[in-house]
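Colleague:
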Amino acid sequence: SLYHATTSTAATFLGQDPEIKVVVSQKRIWLVTDELSVKSLTVQVMNEKGKVVMEKIFSSKMTDWSLQIGSLPGGSYCVMIGSKKMAEFQR
Numbered sequence: 002s003l004y005h006a007t008t009s010t011a012a013t014f015l016g017q018d019p020e021i022k023v024v025v026s027q028k029r030i031w032l033v034t035d036e037l038s039v040k041s042l043t044v045q046v047m048n049e050k051g052k053v054v055m056e057k058i059f060s061s062k063m064t065d066w067s068l069q070i071g072s073l074p075g076g077s078y079c080v081m082i083g084s085k086k087m088a089e090f091q092r
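So the sequence shown is numbered by the working numbering: it starts at 2 and just counts up by one.
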């Protein structure tokens with residue numbers, strides 16, 4: 002489909018983890034945080050069968066907090082940060 006809605010989800014993590022907002026567009030997933038004190042944040046994209054099709058570990062030393070999803074085949078996906086489902090999207 003040519004039209005893809007941009008969705009955004011926020012989650013608060015217990016402890017010292019920052020609040021993370023996930024923004025999904027047609028070609029990228031962006032992670033937005035108020036704090037830059039993230040030592041290690043694992044983000045996974047899973048297909049509808051629960052298979053991890055993309056994984057990236059982010060840290061506060063990185064400047065690009067996004068994942069390129071333009072090459073994913075059509076289907077339903079979810080974005081996981083740690084064990085929390087943060088967003089679902091269609092390609």
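Glycine included, every Cβ here is placed at the ideal spot set by N, Cα and C.
1. Taking Cβ to Cβ, would you say Val-44 is nearer than 8 Å to Lys-57?
2. Taking the Cβ atom as the reference point for each residue, do Ile-70 and Ile-21 lie within a distance shorter than 8 Å?
3. Give me the Cα-Cα distance between Phe-90 and Glu-49, rounded to the nearest whole angstrom.
4. Report the three-state DSSP secondary structure of Leu-32 (helix, strand or coil).
5. Among Ser-67, Ser-26, Met-55, Gly-75, which residue has its Cα nearest to the Cα of Val-33?
6. Of the residues Leu-42, Tyr-78, Val-54, which one's Cα is nearest the Cα of Lys-117?
Modeller: Checking against the coordinates, here is how it stands:
1. Going by C-beta atoms, Val-44 is nearer than 8 Å to Lys-57.
2. no
3. The straight-line gap from Cα to Cα measures roughly 10 Å.
4. DSSP places Leu-32 in strand when its eight states are reduced to three.
5. Ser-67
6. Within the shown structure, residues of the chain are numbered from 2 to 92, placing residue 117 beyond reach of any answer.
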